[in-house]
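First comes the structure, then the notes that go with it.
Chains as they are written, first to last, in this note's numbering: chain X, 1 to 528; chain G, 1 to 415.
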């Protein structure tokens, strides 16, 4: 009896080891026998994390362009669950894009400009079934679109020491291999630079044609010290998006603007979380603090007044300054300055300085008021509006974003409506071209289709310029007091924030570059 | 493992058996039922039949309960220490070291554990079973960690099934109820995960737990097969897990109308899901058929058999109710009440403490859940808790007295 139990036991144990070996062996053979070429793929806004069992890894947004509406699918269509091979082409300075989809698992060898990834056609019903399986990249190809779950993990294992190098989202590059058995895997993972988090802000130095990005730092390492003093990074680029310099700033920069003399006027908080109080800080080109104001309640800051080196704040009555009526007043590094604008029943959400005038937007009261910035006198109140949220002014051209960011309106100086263009969604900003009355707007959709960046004429005629652009507010969920987009006075190029990049368009609307992050002088290896 | 007295020799320790036999032979000799020669010959055979393994077990028992506790405690601390060591330093290991340590630890636990059982070279069965249990846990952990190391995803929950099968096999080889419980939990986890993944849920999906009712019925039927084979210890383990699965699923369904909340159309379930719904009932019916045909003690006319057949029908009917788009909490309240009441009856009829205790607990939980549902809003909170607490205490005392009386009756009958 005993020998039979012993044999049975060791047979079961052997079977278990065989099961484990059947998991390990194909993976090791796949890597050990693979002699093919590799292709570099990027992860943007990559973040590092650590799992107790798996160890450190990075995950982020793939730089692969996974939308391929023009890709030709097999003539008889693709059925859910079918195995396919998705072919990509990789070109310099462009996101790798899908060029073909074929049935089966056979694929051409990788070349420096082409590679392929196996995948499986997703059942359309899976969308209603919830997330059952692990997270994979999903491509959408053809018309009507077919979803293909790619056999590529959305995260890459790295060494534990790599965690020390991430003070925020990063630009990560890894080499993708075909694998001897066809299972794709990554090697040579390296950190190329720093990417932009949602709370990163940018400012445009129109005099020197420089782009400045101010990005709060996160504590790095295996055991982040969340009590350490808060710091931010200041990254400087030239007008073409080429890296010039980087420096460190004490505190967390909430928003910033560049003054005419090249100094940076920033709103800085000493706290890592929350914006209860912030100081106005003047920085030199290296990020050194030149001047600092007393802390001010940030929720009362309404907009920069770069010409005088201050911000507009709403001040109420009473000891807390939070009771109606409210007045709008400049606060500078030297303290409060006259005049007082108002009174207002509630703090206005946006104040914009334009030349000698100050424009106060009152969304809830459907009103826009123009003040003389020197005396505080009301020049004109514009009331024929529907919940205005932003205004852009150039000379006599007054452009208002209103109606829940769905409508663009031009007002004449006398307050009459020159034209209204509805059918937008997600209007993010408007920038005027000097003298002409026309300009640019960023929006998520226009007339039901993706909009990106559009141009409007003096007569309100709208033309699409850059449909693939994805403009967002300067900052995402946080309240920003700076502008969302800038236009270069010298050559008319447009600079605006996308979710993962800062886009620079030429005057004719062509994309010059997308600044995905600040690239370090040399890449840092993340996996040995 | 045919349930014969010889095969159940492990129930009584060899030393105890030897002493009982010597006492009996002495008594028969004193009563002149045996001659002196016959008594001597019989005494000579006493103890000769004990295997070396049994003698080692007997030796171990001589160590005393304190030493056994120390050994088991040591096994637990050793296992915990190793696991903590590897968990603490896991991320520092390279891939090769990780994989090698997984294989080595699993093999070491299994080999050391088995060699310490009564079938192995040394005689520390409790320690051996504890190590084998750790080996089983390591095997499950290995699969998870290897999947993490290689970024593997699974289309089906086959890894759960593989490990559950391995655990069950080990449980029967080393005759360990502890490992058996692990294996049964593995079976239930696999089933939940397979249905969940196929139906768009996540891992052990509890969104529509009525699929577990069939699994519970199947586990109970297998418990019946063990009962027929005379393996009462293993039968109790199967029955306990089966009852827990059935009662917990029905309880959840009687509280939440989960399907309505997750807004899932039952028509989206692929064929495999329906197959997984049906197969446990088919297996349960086959098991019951085998018991009926092979176990001469059971007849279909007996009330417990009738109750079992009615319950099986009710459970199948419950699955039909469950896929309707309408609200169905009431149906599951009725089903839970019926099942727990029938469980109490079967516990008494079969003299099964597992059936009786588990069913009584869930009968009480069912009543208390209804009390909460219907009176929480209607009554002042102070009165609600006073009545709830008082009824719980009084009900608990009454149920415990009744349960003890029944358990004593079972023990007396067994004696």
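By construction, the Cβ of each residue, glycine as well, lies at the ideal position given by its N, Cα and C atoms.
All of these numbers come straight from a predicted model, not from anything done at the bench.
According to DSSP, residue i sits in a beta bridge with which residue or residues?
{"i": "residue 449 (chain X)", "result": "X:446"}
{"i": "residue 327 (chain X)", "result": "X:315"}
{"i": "residue 27 (chain X)", "result": "BP columns for residue 27 (chain X) are empty, so no partner."}
{"i": "residue 399 (chain G)", "result": "Residue 399 (chain G) is not bridged to any residue."}
{"i": "residue 496 (chain X)", "result": "X:485, X:503"}
{"i": "residue 291 (chain X)", "result": "X:282"}
{"i": "residue 303 (chain X)", "result": "X:312"}
Relative to the alpha-carbon of residue i, which residue among the options has its alpha-carbon at the smallest distance?
{"i": "residue 473 (chain X)", "options": "X:202, X:57, X:61, X:352", "result": "X:202"}
{"i": "residue 404 (chain X)", "options": "X:418, X:388, X:412, X:177", "result": "X:388"}
{"i": "residue 278 (chain X)", "options": "X:33, X:499, X:292, X:462", "result": "X:292"}
{"i": "residue 237 (chain X)", "options": "X:204, X:257, X:263", "result": "X:204"}
{"i": "residue 350 (chain G)", "options": "G:276, G:305, G:174", "result": "G:305"}
{"i": "residue 450 (chain X)", "options": "X:349, X:458, X:457, X:466", "result": "X:466"}
{"i": "residue 163 (chain X)", "options": "X:24, X:140, X:49", "result": "X:49"}
{"i": "residue 359 (chain X)", "options": "X:519, X:335, X:390", "result": "X:390"}
{"i": "residue 529 (chain X)", "options": "X:172, X:385, X:73", "result": "Here chain X has residues from 1 to 528 only, and residue 529 (chain X) is not among them."}
{"i": "residue 120 (chain X)", "options": "X:65, X:101, X:375, X:265", "result": "X:101"}
Check whether the Cβ of residue i lies closer than 8 Å to any Cβ atom in chain G.
{"i": "residue 571 (chain X)", "result": "The shown model of chain X, from 1 to 528, leaves out residue 571 (chain X), and the question about it has no answer."}
{"i": "residue 13 (chain X)", "result": "yes"}
{"i": "residue 85 (chain X)", "result": "no"}
{"i": "residue 55 (chain X)", "result": "yes"}
{"i": "residue 124 (chain X)", "result": "no"}
{"i": "residue 2 (chain X)", "result": "Interpretation of residue 2 (chain X) is limited by its pLDDT of 48, a score under 50 that renders its predicted location unreliable; the figure taken from the coordinates is listed afterwards. Taking Cβ atoms only, chain G reaches closer than 8 Å to residue 2 (chain X), which makes this a yes."}
{"i": "residue 523 (chain X)", "result": "no"}
{"i": "residue 148 (chain X)", "result": "no"}
{"i": "residue 23 (chain X)", "result": "yes"}
{"i": "residue 132 (chain X)", "result": "Residue placement at residue 132 (chain X) is poorly supported in this model, since its pLDDT is 38, which falls under 50; the coordinates still yield a value, given next. Answer yes: the Cβ-Cβ gap between residue 132 (chain X) and chain G drops below 8 Å somewhere."}
{"i": "residue 476 (chain X)", "result": "Residue placement at residue 476 (chain X) is poorly supported in this model, since its pLDDT is 42, which falls under 50; the coordinates are not used for a value here."}
Within 8 Å of any Cβ in chain X, is that where the Cβ of residue i sits?
{"i": "residue 110 (chain G)", "result": "yes"}
{"i": "residue 194 (chain G)", "result": "no"}
{"i": "residue 150 (chain G)", "result": "yes"}
{"i": "residue 233 (chain G)", "result": "no"}
{"i": "residue 146 (chain G)", "result": "yes"}
{"i": "residue 316 (chain G)", "result": "no"}
{"i": "residue 103 (chain G)", "result": "yes"}
For residue i, does the count of other Cβ atoms within 10 angstroms reach 16, so buried, or fall short, so exposed?
{"i": "residue 138 (chain G)", "result": "buried"}
{"i": "residue 375 (chain G)", "result": "exposed"}
{"i": "residue 372 (chain G)", "result": "exposed"}
{"i": "residue 231 (chain G)", "result": "buried"}
{"i": "residue 111 (chain X)", "result": "exposed"}
{"i": "residue 500 (chain X)", "result": "buried"}
{"i": "residue 418 (chain G)", "result": "Residue coverage of chain G in this structure runs from 1 to 415, which leaves residue 418 (chain G) outside it and unanswerable."}
{"i": "residue 529 (chain X)", "result": "For chain X, the structure presents residues 1 to 528; residue 529 (chain X) sits outside this window and is missing."}
{"i": "residue 572 (chain X)", "result": "Missing from the structure shown is residue 572 (chain X); chain X here goes from 1 to 528 and no further."}
{"i": "residue 151 (chain X)", "result": "buried"}
{"i": "residue 89 (chain G)", "result": "exposed"}
For residue i, which residues in chain X fall below 8 Å Cβ to Cβ?
{"i": "residue 107 (chain G)", "result": "13, 17"}
{"i": "residue 166 (chain G)", "result": "12, 15, 16, 19"}
{"i": "residue 276 (chain G)", "result": "Here the premise fails: no neighbours, minimum Cβ distance about 15 Å."}
{"i": "residue 173 (chain G)", "result": "5, 8, 9, 12"}
In chain X, which residues lie with their C-beta within 7 Å of the C-beta of residue i?
{"i": "residue 332 (chain G)", "result": "The contacting residues do not exist; residue 332 (chain G) stays about 23 Å from chain X at best."}
{"i": "residue 191 (chain G)", "result": "Residues of chain X passing the Cβ test: none, with the nearest at roughly 15 Å."}
{"i": "residue 187 (chain G)", "result": "The premise fails here: residue 187 (chain G) is roughly 16 Å from chain X at the closest Cβ pair, so nothing lies under 7 Å."}
{"i": "residue 139 (chain G)", "result": "16"}
{"i": "residue 169 (chain G)", "result": "12"}
{"i": "residue 416 (chain G)", "result": "Because residue 416 (chain G) is not part of the residues shown, which for chain G are 1 to 415, the question remains open."}
{"i": "residue 142 (chain G)", "result": "20"}
Could you tell me whether any non-hydrogen atom of the ligand ATP is closer than 7 Å to the CB of residue i?
{"i": "residue 443 (chain X)", "result": "What this structure holds is no ligand at all, so the ligand ATP is not there to describe."}
Just to make sure I have the definition right: I need the residues of chain G whose C-beta is within less than 8 Å of the C-beta of residue i. Which are they?
{"i": "residue 165 (chain X)", "result": "Within 8 Å Cβ-Cβ: nothing; residue 165 (chain X) doesn't reach chain G, min ~16 Å."}
Identify the contact partners of residue i in chain G, using a Cβ-Cβ distance below 7 Å as the criterion.
{"i": "residue 27 (chain X)", "result": "150"}
{"i": "residue 153 (chain X)", "result": "151"}
Taking residue i as the query, report the chain X residues whose CB atoms sit under 9 Å from its CB, ordered along the chain.
{"i": "residue 279 (chain G)", "result": "Within 9 Å Cβ-Cβ: nothing; residue 279 (chain G) doesn't reach chain X, min ~21 Å."}
{"i": "residue 210 (chain G)", "result": "Ordered by position in chain X, no residue passes the 9 Å Cβ test against residue 210 (chain G), which lies about 17 Å from the chain."}
{"i": "residue 114 (chain G)", "result": "5, 6, 9, 10, 13"}
Of all the residues that make up the stretch 292 to 304 of chain X, which are near chain B by a beta-carbon distance shorter than 8 Å? As a matter of chain content, chain B is missing from the structure shown, whose protein chains are X and G.
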